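Line order of the protein sequences matches chains A and B. Going by this note's numbering, 246 is the number at position 246 of the first sequence; the sequence numbering is gapless. Going by this note's numbering, 393 is the number at position 393 of the second sequence; the sequence numbering is gapless. This report concerns only the one structure given below.
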Amino acid sequence: MKPAPFDYVAPATRQEALEALAVAPDGTRVLAGGQSLVLEMNQRAARPRRLVDINNIADFDRLEVDRAEEDGGWLRVGALVRHRAFEQPVESGPLGRLLARTAHFIAHPPVRCRGTLLGSLAYAHPTGEWPTLAVTLGAELVLASVDGTRTLDAESFLIGPFTTALRPGELLEEARFPLLRPTTGTAFVELRRTAASFAHLSAATALSVEDGIVVDVRLGMAGIAPQPVRARDAEHRLVGRPPTDSLIAEAATAAAAGVTDPPPDPHSGSAYRRHAATVLAERALLKARQDISEDMERP
Amino acid sequence: MAEPGTPDGSVTRVEDGPLVSGRGCFVADLRVPGCTEAAFVRSDTAHGRLRAVDLAASRQVPGVLGAWWAGDLEEIPLVPVLMEPDVDGGRPWPALAVDRVRYSGEAVAVVVAEDRYLAEDGRDAARVTLDPLPAVLDPQVAARDEVLLYPGRSNVARETNLGDPIDPGVWERAAVVVEATYRYPLLCHTSMEARAILVRPDTGKGITVWCSHQAPHRLRGDLADALGLAADKVRVVVPDVGGAFGGKSETWPEYLAVALAALRLDRPVRWVEDRKEALTAGPRGRGQSQWVRLASDAGGHLLALEMRTDAAVGGYPHTGSFLPEVTGRMAAGTYAIPQVCVRARAVVTTTPPLCPYRGAGRPEAAYAVECTVDLMARRLGMDPAQLRRLNFVRPKAFPFDTPTGFRYDSGDYAAALDLALRTAGYADWRSEQADRRAHGGTPLGLGICTYVERSGAGGEYGAVEAHMDGSFTATSGCCSTGQGHATTFAQVVANELGVDRRRVRLIEADTAVVPDGVGSFASRSMQSGGEALLRAARDLVGEARVRAAARTGVRVDTASFEGGAVRANGSTFTLAELAADGPLRAEARAEPPLAFPFGAYVAVVEVDPELGTVHVVRLVAVDDYGTVVNPLVVRGQTYGSIAQGLGQALYEADVHDEEGVPRAVSLLDYLLPTLSEMPEVAMDETCTPNPNTLLGAKGAGEAGCIGTPPAVVNAVADALRIDPTALAMPLTPRVCWEAGR
Numbered sequence: 001m002k003p004a005p006f007d008y009v010a011p012a013t014r015q016e017a018l019e020a021l022a023v024a025p026d027g028t029r030v031l032a033g034g035q036s037l038v039l040e041m042n043q044r045a046a047r048p049r050r051l052v053d054i055n056n057i058a059d060f061d062r063l064e065v066d067r068a069e070e071d072g073g074w075l076r077v078g079a080l081v082r083h084r085a086f087e088q089p090v091e092s093g094p095l096g097r098l099l100a101r102t103a104h105f106i107a108h109p110p111v112r113c114r115g116t117l118l119g120s121l122a123y124a125h126p127t128g129e130w131p132t133l134a135v136t137l138g139a140e141l142v143l144a145s146v147d148g149t150r151t152l153d154a155e156s157f158l159i160g161p162f163t164t165a166l167r168p169g170e171l172l173e174e175a176r177f178p179l180l181r182p183t184t185g186t187a188f189v190e191l192r193r194t195a196a197s198f199a200h201l202s203a204a205t206a207l208s209v210e211d212g213i214v215v216d217v218r219l220g221m222a223g224i225a226p227q228p229v230r231a232r233d234a235e236h237r238l239v240g241r242p243p244t245d246s247l248i249a250e251a252a253t254a255a256a257a258g259v260t261d262p263p264p265d266p267h268s269g270s271a272y273r274r275h276a277a278t279v280l281a282e283r284a285l286l287k288a289r290q291d292i293s294e295d296m297e298r299p
Numbered sequence: 001m002a003e004p005g006t007p008d009g010s011v012t013r014v015e016d017g018p019l020v021s022g023r024g025c026f027v028a029d030l031r032v033p034g035c036t037e038a039a040f041v042r043s044d045t046a047h048g049r050l051r052a053v054d055l056a057a058s059r060q061v062p063g064v065l066g067a068w069w070a071g072d073l074e075e076i077p078l079v080p081v082l083m084e085p086d087v088d089g090g091r092p093w094p095a096l097a098v099d100r101v102r103y104s105g106e107a108v109a110v111v112v113a114e115d116r117y118l119a120e121d122g123r124d125a126a127r128v129t130l131d132p133l134p135a136v137l138d139p140q141v142a143a144r145d146e147v148l149l150y151p152g153r154s155n156v157a158r159e160t161n162l163g164d165p166i167d168p169g170v171w172e173r174a175a176v177v178v179e180a181t182y183r184y185p186l187l188c189h190t191s192m193e194a195r196a197i198l199v200r201p202d203t204g205k206g207i208t209v210w211c212s213h214q215a216p217h218r219l220r221g222d223l224a225d226a227l228g229l230a231a232d233k234v235r236v237v238v239p240d241v242g243g244a245f246g247g248k249s250e251t252w253p254e255y256l257a258v259a260l261a262a263l264r265l266d267r268p269v270r271w272v273e274d275r276k277e278a279l280t281a282g283p284r285g286r287g288q289s290q291w292v293r294l295a296s297d298a299g300g301h302l303l304a305l306e307m308r309t310d311a312a313v314g315g316y317p318h319t320g321s322f323l324p325e326v327t328g329r330m331a332a333g334t335y336a337i338p339q340v341c342v343r344a345r346a347v348v349t350t351t352p353p354l355c356p357y358r359g360a361g362r363p364e365a366a367y368a369v370e371c372t373v374d375l376m377a378r379r380l381g382m383d384p385a386q387l388r389r390l391n392f393v394r395p396k397a398f399p400f401d402t403p404t405g406f407r408y409d410s411g412d413y414a415a416a417l418d419l420a421l422r423t424a425g426y427a428d429w430r431s432e433q434a435d436r437r438a439h440g441g442t443p444l445g446l447g448i449c450t451y452v453e454r455s456g457a458g459g460e461y462g463a464v465e466a467h468m469d470g471s472f473t474a475t476s477g478c479c480s481t482g483q484g485h486a487t488t489f490a491q492v493v494a495n496e497l498g499v500d501r502r503r504v505r506l507i508e509a510d511t512a513v514v515p516d517g518v519g520s521f522a523s524r525s526m527q528s529g530g531e532a533l534l535r536a537a538r539d540l541v542g543e544a545r546v547r548a549a550a551r552t553g554v555r556v557d558t559a560s561f562e563g564g565a566v567r568a569n570g571s572t573f574t575l576a577e578l579a580a581d582g583p584l585r586a587e588a589r590a591e592p593p594l595a596f597p598f599g600a601y602v603a604v605v606e607v608d609p610e611l612g613t614v615h616v617v618r619l620v621a622v623d624d625y626g627t628v629v630n631p632l633v634v635r636g637q638t639y640g641s642i643a644q645g646l647g648q649a650l651y652e653a654d655v656h657d658e659e660g661v662p663r664a665v666s667l668l669d670y671l672l673p674t675l676s677e678m679p680e681v682a683m684d685e686t687c688t689p690n691p692n693t694l695l696g697a698k699g700a701g702e703a704g705c706i707g708t709p710p711a712v713v714n715a716v717a718d719a720l721r722i723d724p725t726a727l728a729m730p731l732t733p734r735v736c737w738e739a740g741r
């Protein structure tokens, strides 16, 4: 388990990094936390000819809340922000709580200290926690190259298992998560075999209820399709109605109906997966509803 | 000499400081001048005719020093058989495949380079040409001989029949007969350090071998035989070892290939198995398909047990063929069942070679017996604890000859079960369970396993010497792979001599220094090796008394020994003083018969009925290892083997696709329990000393692997109110959900 030969550069600035990526775009990979890439290289499943190590670029550990914008504001996450940073809420609203709830599902502490949120998005594991959350919340991703930047929403970015819309020479520079309105309850639930395992299935949700009526809901699922998906049919059933137990059960069933071509696993089958997806979607929604109730009780 | 605060011998291990602070020295840490590194070209096909391995490009890689496949060698060393001398007839196992591969991952060529990176570059440049043949993974399918691994030879490498055939009338007369089938999956040893060897050619046509190994003297003999060297030309040294669990007792083909390469290059060559190799090409354990039939009268008295078990011993039967017989011999379990009959077969399959894995045949027996006893309890409507108690071999019946040919030395099975039930709070959990069943709540289950196992195999060498500076040397033929011998063997000697254990230094694991030895496997180290040291220490005292008597001119029987000194004719001589008269040293060889440790495990579990996930709420282990020298060390081993037992029950399985290619290439796929998965564990012991030794110790360290899986599976079945036979390990959420529907 030793990597094949590769060149290595460690630029000090964003511009140098983009230029380094442009030299030989096809065989070049970005090294951030290295928690997936280095393992793949050691197994020679990945054989980049060149690594651009971005760990020396100071700007990339930026983590900012931008509340100024009219659309409610964003949390901006730079390319070197480690999973660990999210274990405690990074902002006081529901988004900070949801990120913190989710971070604890990622591997174990040593991996969380090193691995990065953006690296996890770029790795695009079919049940990765951050990809699931990014799809659920409609995160926007900023891709940079020497030719400029472009912005994609998470669903357009994550196009398959371990496959993204990143083009050769591009760097995933920033992720923007929309801040959630204060009346939002959130939940992240996961089925995994051991504490350090990748998820088998997971469900993430952000549920906003005002005056007893669902005014907005996001429900994302992982493990039922080749990449994390929004359960839009389930969301549509919930919006504009009171989140009763029976409505939540109905929405959960709708969410799991979308099981298509799930990632292969020798220890599971599609019947179990569909059933378990229903259970997880229901538990996520019930927890989110409970989360709102708890929030209301706070002074 | 009891130390303050540790009257029971629970001293912390002297080994731990270096090991936990990165100051250990494993094979990979050795700095041997001029050392090169090996990588193996391996078959990615489970079964096929090997046409050629083209190594021309490999040899062109800068830094590659040599590359060989069978076609380059006039003579290829053959892998020796571990236990059963007859299984390899017509089934040679060459160090590198010659014309056929029989498991995915089998080594077909070795590439040696200046470092491991370059060696892997050379490995990747090799081109293997082979014609695929059908894979056969299931031992029961393989036993039909439709796909032959060795043309002209049956796939059944060995068949053992134990016990007299059961009178057919028993099944007709019995009030209840249950039948069950089980599949114990193939497992990987997953020691933290995988296999590792370094071979250095020495001047004088000898070799020095550093190997992560359990039996250095056997390895020396095997290497000498295979390479055509005299035994005294081979020195084997075992440095720190990061776990073995049975997978490092053998002389693996890779070791022979590395030695061959070292001799050809006349340079040191090291091979450190990486995790991917260990999971895809390394040895396997367990892997049995079993059928059990059990009869009982209406009152719960067991009448007869019949077992058929087939083990998937892998592409070569050399290292695992004796294991199904071990299972068969343990088929009576803790019970006095009048009739027991077993057919045990070792069947070659296109999977990596089977070998002992912690428990080695006994977990497979305990699983089949204990789950079937629970099934019988369900049919009889009896509490599973009561059914067990009714059928235990009674304490007065020992030594007890089983129908399968073992002699159980001693035991009190009911005492262990009663202690386990008390510790678990069995009655309280039963009422909690009844309450939940009546009023709702997460399904709760209780599972029991009462086990007896077999420890020790053969004799062992030990020597003790007193030095003039007041220190002592203990020399043992055992070989610690993490068991803590430097601590516990020193305690044995120090306790016997009445001296400070910190003055006793242990020497083992070097064939140049230890004249003879068997090694550490089958839980034999304290039972046999500790006994040898105890006897040597006792002989040393005898010699000291002779010397003291001679010095003072009295009869030997008037010289008394106490507290590390001999008193004779009013004078007192320390052992250090008596060592001035010439080397004060004694050797001994202990040859204790097999011992039969036993115990009772109780698992309390909750099962999420919607997802099928299992939560082990509490696990109780009561073991009887006979006399325990250091309870802290023994409990550490019990805890570790419980973790591996939980792994078997809940997480681990070596899964292959239909073509026989392993699906798990990393620990992300082959799941192990970690501290996060460990439940609350309560450990306790009963003590029935080994009646056949002075020390009284029986084997410890494998029990958790044996007792835990049946207890957990029985508990999950109890929670779901289903037969344990409806479940199959590992108990994935899907398995439990489907079984509970």
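C-beta: ideal position from N, C-alpha, C; glycine also. This structure is a prediction, so every number in the text was calculated from the model and none was measured.
Member of B:328, B:303, B:325 whose CA lies at the smallest distance from the CA of residue 339 of chain B: Looking up residue 339 of chain B in the second sequence gives position 339. It is B:303 whose Cα lies nearest to the Cα of residue 339 of chain B.
C-beta neighbour in chain A for residue 720 of chain B, strict 8 Å: Position 720 of the second sequence holds residue 720 of chain B. No, no contact with chain A.
DSSP beta-bridge partners of residue 178 of chain A: Locating residue 178 of chain A in the first sequence gives position 178, where the first residue counts as 1. Note: residue 178 of chain A is bridge-paired with A:74 in the DSSP secondary-structure output.
C-alpha distance - residue 451 of chain B paired with residue 715 of chain B, whole-angstrom precision: Indexing the second sequence from 1 puts residue 451 of chain B at position 451. Indexing the second sequence from 1 puts residue 715 of chain B at position 715. Each residue's Cα considered, the two are about 16 Å apart.
Cutoff 7 Å; reference residue 145 of chain B; Cβ partners in own chain excluding five residues on either side: Here the question's residue 145 of chain B lines up with position 145 in the second sequence. Beyond the five residues adjoining it in sequence on each side, residue 145 of chain B comes within less than 7 Å, by CB distance, of 154, 155 in the same chain, given in chain order.
Endpoints, the alpha helix (DSSP H) within which residue 305 of chain B is located: The residue labelled residue 305 of chain B in the question sits at position 305 within the second sequence. Residue 305 of chain B -> not in any alpha helix (DSSP H); beta strand (DSSP E) instead, spanning 302 to 314.
Sequence-distant residues of its chain with Cβ nearer than 6 Å to residue 119 of chain A (five each side left out): Your numbering for residue 119 of chain A matches position 119 in the first sequence. Same-chain partners within the cutoff: 32, 33.
Buried versus exposed, by CB contacts within 10 Å (16 or more), residue 391 of chain B: Within the second sequence, residue 391 of chain B is the residue found at index 391, counting from 1. It counts as buried.
Complete runs of the alpha helix (DSSP H) confined to the stretch 555 to 640 of chain B [at least 4 residues]: Here the runs fully enclosed are 575 to 578.
Neighbour-count burial assignment, residue 192 of chain B, 16 or more Cβ in a 10 Å radius: To locate residue 192 of chain B, count along the second sequence from 1; it is residue 192. Result: exposed.
Outcome for residue 76 of chain B when other beta-carbon atoms lying within 10 angstroms are tallied against a minimum of 16: Mapped onto the second sequence, residue 76 of chain B falls at position 76. Classification of residue 76 of chain B: buried, given that the 10 Å Cβ count is 16 or more.
Candidates B:247, B:243, B:206: closest to residue 233 of chain B by CA position: By one-based count along the second sequence, residue 233 of chain B stands at place 233. Distances from the CA of residue 233 of chain B to each of B:247, B:243, B:206 were compared; the closest alpha carbon is that of B:206.
Contacts around residue 290 of chain A, its chain only, beta-carbon distance under 6 Å, and the 5 residues preceding and following it disregarded: In the first sequence, counting from the first residue as 1, residue 290 of chain A sits at position 290. Non-local C-beta neighbours of residue 290 of chain A in its own chain, meaning closer than 6 Å and more than five positions away in sequence, are absent.
Length-filtered (3 minimum) beta strand (DSSP E) runs lying within the stretch 46 to 102 of chain A: If you keep only unbroken beta strand (DSSP E) runs of at least 3 residues inside the stretch 46 to 102 of chain A, you get 50 to 53, 63 to 66, 74 to 78.
Where residue 321 of chain B falls, given that 16 or more other Cβ within 10 Å makes a residue buried: Start at 1 with the first residue of the second sequence, and residue 321 of chain B comes out as number 321. The Cβ neighbour count for residue 321 of chain B, taken over all protein chains shown within 10 Å, is at least 16; the residue is labelled buried.
DSSP-derived helix/strand/coil call for residue 339 of chain B: Counting from 1 along the second sequence, the entry for residue 339 of chain B is found at position 339. Three-state DSSP puts residue 339 of chain B in a strand.
Other residues of its chain near residue 225 of chain B: CB distance less than 7 Å, five sequence neighbours each side excluded: Residue 225 of chain B sits at position 225 when you count from the first residue of the second sequence. So the list reads 80, once near-sequence residues are dropped.
Assigned secondary structure, residue 478 of chain B (DSSP; H/G/I helix, E/B strand, else coil): Within the second sequence, the letter at position 478 stands for residue 478 of chain B. Here residue 478 of chain B sits in coil by DSSP.
Selection of the stretch 265 to 288 of chain B by Cβ proximity to chain A, strictly under 9 Å: The residues in question are 274, 275, 276, 277.
Nearest-angstrom Cβ-Cβ length linking residue 121 of chain A and residue 95 of chain A, presumed shorter than 8 Å: As a position in the first sequence, residue 121 of chain A is number 121, starting the count at 1. As a position in the first sequence, residue 95 of chain A is number 95, starting the count at 1. In fact, because the Cβ distance is near 16 Å, the residues do not count as touching under 8 Å.
Positions along the stretch 184 to 209 of chain A whose CB lies within less than 7 Å of some CB in chain B: From the stretch 184 to 209 of chain A, only 191, 193, 194, 195, 196, 197, 198 have a Cβ closer than 7 Å to chain B.
C-beta neighbour in chain A for residue 625 of chain B, strict 8 Å: Here residue 625 of chain B refers to the residue found at position 625 when the second sequence is read from its first residue. No - not a single Cβ of chain A is within 8 Å of the one on residue 625 of chain B.
Alpha-carbon to alpha-carbon, residue 212 of chain B and residue 255 of chain B: Your numbering for residue 255 of chain B matches position 255 in the second sequence. Your numbering for residue 212 of chain B matches position 212 in the second sequence. Each residue's alpha carbon lies about 11 Å from the other.
Short CB-CB distance (under 8 Å) between residue 124 of chain B and chain A: Here residue 124 of chain B refers to the residue found at position 124 when the second sequence is read from its first residue. Yes, residue 124 of chain B lies at the interface with chain A (some Cβ there is under 8 Å from its Cβ).
Close beta carbons around residue 569 of chain B, own chain, < 6 Å, minus the five adjacent residues each side: As a first step, residue 569 of chain B is located in the second sequence; it is residue number 569 there, counting from the start. Closer than 6 Å at the Cβ level, and outside the excluded window around residue 569 of chain B, lie 552, 554.
Exposed unless 16 or more other CB atoms sit within 10 angstroms - verdict on residue 43 of chain B: Numbered from 1 along the second sequence, position 43 holds the residue referred to as residue 43 of chain B. So residue 43 of chain B ends up on the buried side.
The stretch 683 to 702 of chain B contacting the stretch 355 to 369 of chain B, beta-carbon criterion three pairs below 8 Å: A contact exists between the stretch 683 to 702 of chain B and the stretch 355 to 369 of chain B.
Residue 706 of chain B, enclosing alpha helix (DSSP H) - first and last residue: Against the second sequence, residue 706 of chain B aligns to sequence position 706. Boundaries of the alpha helix (DSSP H) around residue 706 of chain B: 703 to 720.
Residue 8 of chain A, buried or exposed, once every other Cβ within 10 Å from all chains shown has been counted against 16: Along the first sequence, one-based indexing puts residue 8 of chain A at 8. With fewer than 16 other Cβ atoms from the protein chains shown falling within 10 Å of its own Cβ, residue 8 of chain A counts as exposed.
Start and end residues, beta strand (DSSP E) containing residue 792 of chain B: Here chain B has residues from 1 to 741 only, and residue 792 of chain B is not among them.
Listed by chain order, chain A residues near residue 732 of chain B by CB distance under 8 Å: Within the second sequence, residue 732 of chain B is the residue found at index 732, counting from 1. Against chain A, the beta carbon of residue 732 of chain B has neighbours under 8 Å at 193, 267, 268, listed in chain order.
At least three beta-carbon pairs within less than 8 Å, the stretch 65 to 73 of chain B to the stretch 132 to 150 of chain B: Touching, no, given that fewer than three Cβ pairs across the two stretches are closer than 8 Å.
Residue 730 of chain B vs residue 653 of chain B beta-carbon contact at 8 Å: For this step, residue 730 of chain B is matched to residue 730 along the second sequence. For this step, residue 653 of chain B is matched to residue 653 along the second sequence. The criterion of a C-beta distance shorter than 8 Å is satisfied by residue 730 of chain B and residue 653 of chain B.
Beta-bridge partners of residue 202 of chain A, as assigned by DSSP: Looking up residue 202 of chain A in the first sequence gives position 202. Paired residues: A:190, A:222.
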